[in-house]
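Chemist: Pasting a structure here, questions to come.
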Amino acid sequence: HQHDIRFVEDNWESPALGAWGLGWEVWLDGQEITQFTYFQQAGGMPVSPNSVEITYGLERIAMAMQRVRHFKDIRWSVDRTYGDVHLRGEFEHSKYYFEIADVDRLRQMYKLFEAEAEAALQQGLVLPAHDYILKCSHTFNILDTRGAVGVTERQALFGRMRDLARRTAEAYVAQREQMEFPWLDEAASAKAKAITEVTLPLTPRPTEASDFLLEIGVEELPSADLDSAYAQLRERLTALLDEQRLEHGDVRVYATPRRLVAVVEKLAPRQPDRTLVIKGPPADRAFDAEGKLTKAGEGFARGKGLRVEDLEVREMDGGRYAAAVVHEEGRGAGEVLAEALPGLVAAIKFDKPMRWNASGVFFSRPIRWLLALLGGEIVPFEYAGLVSGNTTHGLRFHQPENIPVCGKEDYFTALRQQGILLDPEERKIAIQVQVQRLIAQAGGDPEKMDAGLLDEVTNLVEAPTALLGSFEREHLSLPPEVLVSVMKKHQRYFPVFQANGKLLPHFVAVRNGDN
């Protein structure tokens, strides 16, 4: 519990390379140390299987481990610091990119790199072509830093790089296909196939009303996606129960960054039986003059799975129609849910969803576990390469991480013991109380707490614990807008203001976990 490690939405894209992915920046004690990205496209082509890029900020990790306040103070060796080794280089490269780089020569270099990429591509040399595309991109960035690229030219250069990247990606796929994809992981393919062919356990068959619990465990959802999924899950689950004719009590939905949870109280053990009158074609088309079935009548019976002898003529909707009275026996709730739950999860949609495994399923972020219990029994279903069970997961880096539960009450107790507040409104109130208390403690006005930031922070943590921090008073000489922007946008800290609006050298952070 020494450090607060967090995953916060941070997507990546390079329009010039036709590449993009979804993921996070990884925080260590409020500082970004790593980017973690599931790539979705490269060269304008879908990435399959999805690759993951982990970009380490080693200097920032070292700063935290060595407890220094500036990157130049990182210990490089016994007698040298990071600043001794790299500070001069930082200065010289900055001066070059912003002041010295020759725009005319850079434009010539761009054209030469572009021509070399074309030449390599024409000879089927994919990797050299890719190298020169990256050099084009780097050269463009220097030109942009020098302020030498206008809006129209930017679009033209982007378009040329994007076209090169697309053709290079297509050539790479064709090359690997010709080589019969030698790195294709047969073991992974066999594993994916085994999951899809798994034999699910029998569905529960309760004899009386019982509570139903569903948990969709995910990697950290973006704040806006969490709000959307929270609303969709309640709406779609209620509609599903109505469509499936399952009587029930209250439907409650909860959401945290790592889980979407639904509870249905007093769910009926089975659907009620029902009698249906199935309307067919007009009687004069379904039967001939002698009362025998026509081809149209036989087609209706066959299409509805009816016996011919069950058809009769009925007065309906102002006319005479072929019809059949069918008695439908209600199915058990466990059977109905096992069949319907994959569709429920799939129906939750997002503005920018992602793929992450061989199932090809789309969701906001990877689904990592599924829990479904009717009473104390597992409701078995498969989705996204996962099979539902009775195991939930607690906070990251807390023990136990894997928690088997035997029912709704057991589930809520287990998560509450780890400080996890499932209800977004309860979590929001808890954060507000803690933050306002610390603001007052620092001499600030609690009423000046940012409401919009409160909503976002509520969606970033499961077990909120607020803490008061300070920064050097001399930083207050900077425009307050600069300090506030960094605190709110980049670190999701609450600035501390006096009643007169003056900024104080304090902030309130909210970590995920206990003290």
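First residue of the sequence shown? That's -5 in this note's numbering, and the numbers climb one at a time after it.
Idealized CB from N, CA, C, for every residue including glycine.
Source: prediction; values computed, not measured.
For the alpha helix (DSSP H) holding V145, just list the boundary residues, first then last.
Modeler: Where V145 is concerned, the enclosing alpha helix (DSSP H) stretches over V145 to Q172.
Chemist: From S204 to V381, what does the alpha carbon distance come to, in whole angstroms?
Modeler: Straight-line Cα distance between these residues: approximately 22 angstroms.
Chemist: Beta-carbon within less than 7 angstroms of I136's beta-carbon, same chain only, minus the 5 sequence neighbours each way: which residues are those?
Modeler: So the list reads Y91, A95 and L100, once near-sequence residues are dropped.
Chemist: Bridge partners for N396 per DSSP, in chain order?
Modeler: Beta-bridge pairing links N396 to H387.
Chemist: Check for me: the alpha helix (DSSP H) holding N135 runs from which residue to which?
Modeler: Start and end: V120 to T139.
Chemist: Which runs of the beta strand (DSSP E), 3 residues or longer, sit entirely within the region 300 to 331?
Modeler: Runs of the beta strand (DSSP E) inside the region 300 to 331: 305 to 310 and 313 to 322.
Chemist: Could you give the distance in angstroms between the alpha-carbon of Q34 and the alpha-carbon of E47?
Modeler: Their backbone Cα atoms lie some 11 angstroms apart in a straight line.
Chemist: Going straight from the alpha carbon of F206 to that of L338, what length do you get?
Modeler: Cα-Cα distance, rounded: 14 angstroms.
Chemist: Going along the chain, which residues of its own chain have a beta-carbon closer than 8 angstroms to the beta-carbon of Q226, five neighbours each way excluded?
Modeler: A341, I342 and K343, listed in sequence order.
Chemist: Which residue's Cα is closest to the Cα of Y126: T49, Y224, L158 and K66?
Modeler: That would be L158, whose Cα lies nearest to the Cα of Y126.
Chemist: Is it the case that the region 476 to 495 contacts the region 282 to 290, given that we only count it when at least three CB pairs across the two stretches are under 8 angstroms?
Modeler: The region 282 to 290, when compared against the region 476 to 495, does not touch it at the 8 angstroms Cβ threshold.
Chemist: So what's F107 in DSSP terms, helix, strand or just coil?
Modeler: Three-state DSSP puts F107 in a helix.
Chemist: In the DSSP assignment, the beta strand (DSSP E) including V46 goes from what residue to what residue?
Modeler: That run of the beta strand (DSSP E) goes V46 to Y50.
Chemist: So, under 8 angstroms CB-CB, F465 and P499 are touching, yes? Tell me the CB distance rounded to an integer number of Å.
Modeler: Right, their Cβ atoms sit about 5 angstroms apart.
Chemist: Return the Cβ separation of D4 and Q29 in integer angstroms, given the expectation that the two are a contact with Cβ distance under 8 angstroms.
Modeler: That belief holds up - the Cβ atoms of D4 and Q29 are roughly 6 angstroms apart, short of 8 angstroms.
Chemist: Should Y487 and V502 be called a contact, given that it needs their Cβ atoms to be closer than 8 angstroms?
Modeler: Yes, Cβ-Cβ distance for Y487 and V502 is below 8 angstroms.
Chemist: Output needed for R170: all residues of its chain with C-beta closer than 7 angstroms, excluding positions within five of it in sequence on either side, in chain order.
Modeler: Taken in chain order, the list of residues that qualify is empty.
Chemist: Please determine if the region 315 to 333 and the region 264 to 280 are in contact, where contact requires at least 3 C-beta pairs separated by less than 8 angstroms.
Modeler: Output reads yes: the region 264 to 280 touches the region 315 to 333.
Chemist: Note down the Cα distance separating I510 from H64, rounded to an integer number of angstroms.
Modeler: Lying before the first or after the last residue shown, residue 510 is absent from the chain, which here runs from -5 to 509.
Chemist: One question on the structure: do T515 and P474 come within less than 8 angstroms of each other, judged by their Cβ atoms?
Modeler: Limits of the chain in this structure are -5 at one end and 509 at the other, which puts residue 515 out of reach.
Chemist: In the DSSP assignment, the beta strand (DSSP E) including H64 goes from what residue to what residue?
Modeler: Note, H64: premise wrong, no beta strand (DSSP E); not H, not E.
Chemist: What three-state label does DSSP hand A256 in the structure shown?
Modeler: A256: strand per DSSP, three-state reduction.
Chemist: Nearest to G401 by CA position, among P458, V319 and V258, is which residue?
Modeler: For G401, the nearest C-alpha among the options comes from V258.
Chemist: Assign Q102 to one of three DSSP states: helix, strand, or coil.
Modeler: Three-state DSSP puts Q102 in a helix.
Chemist: In or out: Y50 buried (at least 16 other Cβ within 10 Å) or exposed?
Modeler: Exposed, since its Cβ has fewer than 16 Cβ neighbours within 10 Å.
Chemist: To the nearest angstrom, how far is the alpha carbon of T250 from that of T459?
Modeler: Between T250 and T459, the C-alpha separation is close to 15 angstroms.
Chemist: Span of the alpha helix (DSSP H) holding S222?
Modeler: First-last of the alpha helix (DSSP H) with S222: S217 to E237.
Chemist: Less than 8 angstroms between the beta carbons of A218 and A36, yes or no?
Modeler: No, Cβ-Cβ distance for A218 and A36 is not below 8 angstroms.
Chemist: With distances taken between CB atoms, is the gap from G17 to G38 smaller than 8 angstroms?
Modeler: Cβ distance not < 8 angstroms, so G17 and G38 don't count as in contact.
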